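Asks: Chains as they are written, first to last, in our numbering: chain R, 10 to 224; chain A, 10 to 224; chain E, 10 to 224; chain F, 10 to 224.
Number of protein chains: 4
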Amino acid sequence: MNSAGRVRAAAVELFATKGFHGTGIRDLAQRAELSSATLYHYMGTKEDLLVEIMTTALQRLLDAAEQVTTEAGDPVARLRALVALHVLAHAVSPGETRVVDNEVDALSADARGRVVALRDEYEQLWARIIEDGVGCGAFHTERPAVTRRALLEMCSGVARWYSPRGPLRLEELATHYAELALRALGNPAAVDTDEVRRCREVVARVWDIPVRAGN
Amino acid sequence: MNSAGRVRAAAVELFATKGFHGTGIRDLAQRAELSSATLYHYMGTKEDLLVEIMTTALQRLLDAAEQVTTEAGDPVARLRALVALHVLAHAVSPGETRVVDNEVDALSADARGRVVALRDEYEQLWARIIEDGVGCGAFHTERPAVTRRALLEMCSGVARWYSPRGPLRLEELATHYAELALRALGNPAAVDTDEVRRCREVVARVWDIPVRAGN
Amino acid sequence: MNSAGRVRAAAVELFATKGFHGTGIRDLAQRAELSSATLYHYMGTKEDLLVEIMTTALQRLLDAAEQVTTEAGDPVARLRALVALHVLAHAVSPGETRVVDNEVDALSADARGRVVALRDEYEQLWARIIEDGVGCGAFHTERPAVTRRALLEMCSGVARWYSPRGPLRLEELATHYAELALRALGNPAAVDTDEVRRCREVVARVWDIPVRAGN
Amino acid sequence: MNSAGRVRAAAVELFATKGFHGTGIRDLAQRAELSSATLYHYMGTKEDLLVEIMTTALQRLLDAAEQVTTEAGDPVARLRALVALHVLAHAVSPGETRVVDNEVDALSADARGRVVALRDEYEQLWARIIEDGVGCGAFHTERPAVTRRALLEMCSGVARWYSPRGPLRLEELATHYAELALRALGNPAAVDTDEVRRCREVVARVWDIPVRAGN
DNA sequence: GATGAATGAGGATTCATTCAT
DNA sequence: GATGAATGAATCCTCATTCAT
Chain R
10 MNSAGRVRAA AVELFATKGF HGTGIRDLAQ RAELSSATLY HYMGTKEDLL
60 VEIMTTALQR LLDAAEQVTT EAGDPVARLR ALVALHVLAH AVSPGETRVV
110 DNEVDALSAD ARGRVVALRD EYEQLWARII EDGVGCGAFH TERPAVTRRA
160 LLEMCSGVAR WYSPRGPLRL EELATHYAEL ALRALGNPAA VDTDEVRRCR
210 EVVARVWDIP VRAGN
Chain A
10 MNSAGRVRAA AVELFATKGF HGTGIRDLAQ RAELSSATLY HYMGTKEDLL
60 VEIMTTALQR LLDAAEQVTT EAGDPVARLR ALVALHVLAH AVSPGETRVV
110 DNEVDALSAD ARGRVVALRD EYEQLWARII EDGVGCGAFH TERPAVTRRA
160 LLEMCSGVAR WYSPRGPLRL EELATHYAEL ALRALGNPAA VDTDEVRRCR
210 EVVARVWDIP VRAGN
Chain E
10 MNSAGRVRAA AVELFATKGF HGTGIRDLAQ RAELSSATLY HYMGTKEDLL
60 VEIMTTALQR LLDAAEQVTT EAGDPVARLR ALVALHVLAH AVSPGETRVV
110 DNEVDALSAD ARGRVVALRD EYEQLWARII EDGVGCGAFH TERPAVTRRA
160 LLEMCSGVAR WYSPRGPLRL EELATHYAEL ALRALGNPAA VDTDEVRRCR
210 EVVARVWDIP VRAGN
Chain F
10 MNSAGRVRAA AVELFATKGF HGTGIRDLAQ RAELSSATLY HYMGTKEDLL
60 VEIMTTALQR LLDAAEQVTT EAGDPVARLR ALVALHVLAH AVSPGETRVV
110 DNEVDALSAD ARGRVVALRD EYEQLWARII EDGVGCGAFH TERPAVTRRA
160 LLEMCSGVAR WYSPRGPLRL EELATHYAEL ALRALGNPAA VDTDEVRRCR
210 EVVARVWDIP VRAGN
């Protein structure tokens with residue numbers, strides 16, 4: 010990896026584990042194996058780095074979500090795809106997702122606005138699908154907005170505990186969460202594993218992470 | 010409120026919104042309406058304050074959970090109680106719970122050990138109930154551990170968005186989450202609202218927060 | 010001991026071991042078993058305390074020195090008495106003497122002037138006796154001023170290492186130092202132990218310290 | 010002098026005159042003509058600086074002492090050399106030596122152990138030589154350990170009063186102290202000035218201080 | 001007498017960032 | 001590209017001292 014990449018990777022890892030405010034420029038430099046002055050050849054301010062990480066991560070998730078839900082068919086299939094994608098993204102790049110989920114408050118008002126707008130746009134995908142499912146009788150929930158938040162938090166939580174080195178394979182993880190989500194929405198249908206696999210391939214391509222047979 | 014209470018309240022609020030590392034001693038002092046030197050009459054180090062907040066919050070949750078699950082009957086009732094309690098606790102004191110959930114990494118190794126031990130003990134309550142429910146055929150899940158984590162994250166997420174000033178009343182919130190959890194566990198039984206009310210009363214008493222008719 | 014005495018004793022002990030600047034008001038309070046606010050009933054400022062310790066210690070030494078040298082006869086006897094007294098004083102109250110010797114620089118200019126004046130007055134006693142001894146042919150030294158300083162440092166050093174709990178008795182210590190001093194002054198006469206005993210009695214009386222048979 | 014050198018020189022001077030605890034980081038910065046933040050480019054903590062000063066000073070003294078005593082012949086010559094070296098070192102770098110002598114108590118337990126070990130090693134040189142001299146009948150003292158301490162304190166005291174700008178030249182100072190020491194040890198032999206000159210040359214070389222004809 | 005509460009000033013140290021080389 | 005040197009501002013925390021009770 011080149012220096013710029015090492016800086017970004019270091020930032021993701023440290024921001025995710027120690028928090029933005031808990032991470033010093035010297036920590037970043039050490040992890041990236043550069044002097045702290047050299048860091049500034051590859052980044053603007055520390056906050057710029059955070060903003061870049063957050064927006065690209067959210068944009069990537071948003072793009073992939075639009076892709077997989079467009080490909081899928083009915084609300085059930087689209088929700089399955091959305092859950093699978095979300096869970097896989099959080100399992101495959103827990104650093105970025107934890108930063109996105111936890112460090113919004115560290116942003117300046119201006120940057121926060123842009124990040125929150127992206128996040129809202131993404132959540133709207135969920136809202137629309139759930140709404141559609143309720144509309145066509147596939148989902149049953151008295152409080153769609155509450156349910157949506159509950160499901161999102163449930164899925165995002167994956168980044169807090171899942172390890173690719175554990176026994177649970179990525180597809181199994183995604184399948185299980187899709188099942189949980191559909192049950193919670195009152196539609197305990199069996200999950201089509203082909204769909205999950207398709208999501209996994211999208212993730213592999215978009216996140217540029219070799220998803221090995223192992224998981 | 011006295012000075013000591015104001016310090017603690019300020020810490021909870023600021024740690025929850027800006028993070029431990031994002032909160033300066035001067036922020037705390039300003040919020041508590043004290044000079045920064047005076048703060049140190051009421052606390053040890055900043056970390057001591059964090060530890061105190063975390064351990065009392067966790068201990069309170071743990072005690073209340075043991076109480077409500079002991080009172081309840083079968084695994085279904087116990088899980089309902091546990092979910093309701095957890096959700097209510099997170100809705101009623103979102104500050105404390107967010108601190109507990111987000112700032113574990115800010116602790117020194119020693120303190121982290123103690124806090125994580127408490128958290129593990131609490132999670133064991135969930136694990137045992139889910140296990141019992143699966144054992145007696147009430148719950149259906151292929152991966153109890155994964156499901157447990159999913160449900161915990163789902164319920165904890167309440168602290169991130171619920172506002173007591175919104176239209177959703179506390180009991181409705183708890184009831185809805187209990188329903189979601191039971192569905193996810195493959196047992197879409199109707200939720201007994203008496204049980205939820207009992208939990209709400211426990212919360213009102215233990216957290217010493219007047220749960221008004223309004224929510 | 011009463012509170013005022015405990016404060017003074019604590020100050021002597023702590024100033025001697027940790028230095029004036031290394032000793033905090035809280036250290037003093039803890040050692041004196043008082044609250045730090047209560048300290049101020051028994052003292053002025055921290056520096057006042059230091060000044061009081063230094064001046065009384067120096068004044069006491071000066072008075073005793075004048076007494077024992079007036080009682081003694083020829084320069085040899087007077088020097089023996091002076092050495093014995095100095096050594097005994099440093100052995101018997103190492104705290105005070107270390108403070109006097111080491112903390113002069115911690116004083117404000119004003120107080121320093123007064124303390125240094127006392128110290129100079131005391132050193133003049135030494136100077137005069139050495140001068141007399143050289144004059145009457147009892148002492149031989151080419152540089153009386155250098156020799157005087159050398160002997161004073163040698164004798165003051167006792168406060169850095171002597172312990173009354175060790176095997177060396179006070180009189181033996183004083184006798185040995187008197188011998189060293191006289192040798193250094195070119196007059197290796199045997200030391201009269203009666204004289205040393207008289208000095209010891211003066212020390213016992215003036216310093217109000219029970220000199221037990223043990224040492 | 011470069012910045013690092015200025016920091017060290019400032020520390021020696023200030024620690025020597027105001028004590029470790031009496032010297033603030035701002036004092037150091039001002040004396041070194043750097044901002045207090047820049048100080049930390051050239052040092053670790055304030056204590057690290059103290060430890061470095063102490064250990065290098067002691068090590069230098071120890072090395073030089075081993076050199077001059079190895080070169081010298083009988084115990085009398087070796088003691089003369091040791092006294093001369095000690096006195097010259099204290100006269101030539103009074104700052105370092107006063108720090109070594111006075112600030113041991115300011116060290117943390119760990120560092121203190123290392124420093125005291127060095128000091129003990131140095132004192133052992135004195136102990137062995139005195140012991141040898143007593144063994145071969147050159148020295149007469151009933152209490153070698155007490156005498157050793159007395160002589161060491163006497164010689165170290167030089168750093169408290171000697172000024173190279175006074176009338177007393179370095180060689181005269183060292184010669185006089187060697188004479189005092191030998192007298193105190195019961196061997197009032199004349200002091201070989203060649204030996205003292207050799208010590209002075211060692212000091213000039215090891216301490217890298219140009220010993221001018223003037224003193 | 002005694003003390004808990006209070007504080008402005010200062011303690012050592014680290015911060016993110018710049019810039020000349 | 002890369003970095004050692006540099007710094008003003010900020011970090012957490014302790015200082016000696018006062019005062020109302």
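Here a beta-carbon is modelled for each residue, glycine too, at the ideal position from N, C-alpha and C. The structure displayed is predicted, hence computed values, not measured ones.
1) Looking at C-alpha atoms only, which residue of R:37, R:79, R:102 is the closest neighbour of residue 207 of chain R?
2) Residues of chain F with CB under 9 angstroms from residue 250 of chain E, in chain order?
3) Secondary structure at residue 45 of chain A, three-state DSSP: helix, strand or coil?
4) Please report how far the alpha carbon of residue 163 of chain R lies from the alpha carbon of residue 195 of chain R, in whole angstroms.
5) From residue 154 of chain F to residue 19 of chain E, what does the alpha carbon distance come to, in whole angstroms?
6) Residues of chain E with a CB under 7 angstroms from the CB of residue 49 of chain F: which are they?
7) Comparing the CB of residue 91 of chain R with every heavy atom of the ligand PLP, is any distance shorter than 7 angstroms?
8) Please compile the residues from chain R whose C-beta is within a distance smaller than 7 angstroms of the C-beta of residue 26 of chain A.
9) Any chance the segment 165-183 of chain E sits against the segment 117-126 of chain E, with 3 or more Cβ pairs inside 8 angstroms?
10) CB-CB under 8 angstroms to residue 91 of chain F, same chain, minus the five flanking residues each way: which ones, in chain order?
11) Check whether the segment 208-217 of chain E touches the segment 85-103 of chain E, counting contact only when three or more Cβ pairs, one atom from each stretch, lie closer than 8 angstroms.
12) To the nearest whole angstrom, what separates the beta carbons of residue 130 of chain R and residue 191 of chain R, a pair I think is in contact under 8 angstroms?
13) Using a Cβ-Cβ cutoff of less than 7 angstroms, which residues in the same chain neighbour residue 44 of chain F once the five nearest sequence positions on both sides are dropped?
14) Quick check: is the beta carbon of residue 185 of chain E nearer than 8 angstroms to any beta carbon in chain F?
15) Thinking C-alpha only, which one of A:46, A:193, A:186 is nearest residue 9 of chain R?
16) Determine the extent of the alpha helix (DSSP H) in which residue 204 of chain F is found, giving its start and end residues.
17) Hey, out of R:83, R:212, R:63, R:51, whose CA is closest to residue 126 of chain R's CA?
18) Would you kindly work out how many angstroms separate the C-alpha atoms of residue 22 of chain A and residue 82 of chain R, rounded to a whole number?
19) Taking only the alpha-carbon atoms, compute the straight-line gap between residue 27 of chain F and residue 10 of chain A and give it to the nearest angstrom.
20) Could you work out which residue in R:65, R:140, R:69, R:68 is closest to residue 88 of chain R when comparing CA atoms only?
21) Between which two residues does the alpha helix (DSSP H) harbouring residue 163 of chain F extend?
22) Can you give the beta carbon distance from residue 124 of chain F to residue 113 of chain F, rounded, assuming they're within the 8 angstroms contact cut?
23) Please report the straight-line C-alpha distance between residue 61 of chain F and residue 213 of chain F, rounded to a whole angstrom.
24) How is the alpha helix (DSSP H) around residue 119 of chain E delimited, first residue to last?
25) Using a Cβ-Cβ cut-off of less than 9 angstroms, list which residues of the segment 185-207 of chain A approach chain R; keep chain order.
26) Considering only C-alpha positions, which residue in the set E:202, E:57, E:67 is nearest to residue 128 of chain E?
27) Are the CB atoms of residue 69 of chain A and residue 167 of chain A nearer to each other than 8 angstroms?
28) Give the residues of chain R in contact with residue 177 of chain A, contact being defined as C-beta atoms less than 8 angstroms apart.
29) Are there 16 or more other CB atoms within 10 angstroms of the CB of residue 84 of chain E, so buried, or fewer, so exposed?
30) How close, in whole Å, do the beta carbons of residue 96 of chain R and residue 218 of chain R come, if the pair is a contact with beta carbons under 8 angstroms?
31) Which value, in whole angstroms, describes the spacing of the CA atoms of residue 169 of chain A and residue 175 of chain A?
32) If you measure from the beta carbon of residue 111 of chain A to each beta carbon in chain R, is any gap under 8 angstroms?
33) Return the chain-ordered ranges of every alpha helix (DSSP H) run that is complete within the segment 11-71 of chain A and spans a minimum of 4 residues.
34) Got a sec? Which residues, its chain only, sit under 6 angstroms from residue 59 of chain R by beta carbon, not counting five neighbours each side?
35) Applying the criterion that 16 or more other CB atoms from any shown protein chain within 10 Å of the CB defines a buried residue, is residue 99 of chain E buried or exposed?
Replies: Answer, in terms of the structure:
1) Of R:37, R:79, R:102, the residue nearest in Cα terms is R:79.
2) With chain E covering 10 to 224 only, the question about residue 250 of chain E has no answer from this structure.
3) Residue 45 of chain A sits in a helix when the DSSP states are folded into three classes.
4) Straight-line spacing of the CA atoms in residue 163 of chain R and residue 195 of chain R works out to 16 angstroms.
5) Their Cα atoms are separated by approximately 31 angstroms.
6) Within chain E, no residue has its beta carbon less than 7 angstroms from that of residue 49 of chain F; the closest one is some 22 angstroms off.
7) Because no ligand of any kind appears in the structure shown, any question about the ligand PLP cannot be addressed here.
8) By Cβ distance, chain R contributes 114.
9) Because the criterion of three Cβ pairs below 8 angstroms is not met, the segment 165-183 of chain E and the segment 117-126 of chain E do not touch.
10) So the list reads 74, 77, 78, 134, 135, 138, once near-sequence residues are dropped.
11) By the criterion of at least three beta-carbon pairs nearer than 8 angstroms, the segment 208-217 of chain E is in contact with the segment 85-103 of chain E.
12) No, residue 130 of chain R and residue 191 of chain R are not in contact; Cβ-Cβ is about 24 angstroms, not under 8 angstroms.
13) Closer than 7 angstroms at the Cβ level, and outside the excluded window around residue 44 of chain F, lie 38.
14) Chain F, which has a Cβ nearer than 8 angstroms to the Cβ of residue 185 of chain E, makes this yes.
15) Any answer about residue 9 of chain R is impossible in this case: the structure gives chain R only from 10 up to 224.
16) 202-215 is the span of the alpha helix (DSSP H), which, as asked, contains residue 204 of chain F.
17) Answer by Cα proximity: R:63.
18) Roughly 45 angstroms between the two C-alpha positions.
19) Annotation: residue 27 of chain F to residue 10 of chain A spans about 46 angstroms, alpha carbon to alpha carbon.
20) The shortest C-alpha separation from residue 88 of chain R is found at R:140.
21) Run containing residue 163 of chain F: 153-165, per the alpha helix (DSSP H) assignment.
22) Residue 124 of chain F to residue 113 of chain F, Cβ: 6 angstroms. Contact.
23) One Cα belongs to residue 61 of chain F, the other to residue 213 of chain F, and the distance between them is close to 21 angstroms.
24) Its alpha helix (DSSP H) spans residues 118-144.
25) Using a CB distance below 9 angstroms, the part of the segment 185-207 of chain A facing chain R consists of 185, 186, 188, 189, 190, 192, 193, 194, 195, 197, ordered along the chain.
26) Considering only alpha carbons, the answer is E:67.
27) No, they are not a contact pair.
28) Simply 152, 155.
29) By the 16-neighbour rule on beta-carbons within 10 angstroms, residue 84 of chain E is buried.
30) So it is not a contact: roughly 15 angstroms between Cβ atoms.
31) Across the structure, residue 169 of chain A and residue 175 of chain A are spaced so that their CA atoms are roughly 14 angstroms apart.
32) Residue 111 of chain A counts as touching chain R.
33) When DSSP assignments are scanned along the segment 11-71 of chain A, the uninterrupted stretches of alpha helix (DSSP H) that are 4 or more residues long and fall wholly within it turn out to be 12-27, 34-41, 45-51.
34) Around residue 59 of chain R: 29.
35) Of the residues assessed, residue 99 of chain E falls on the buried side of the cut-off, its CB having 16 or more other CB atoms within 10 angstroms.
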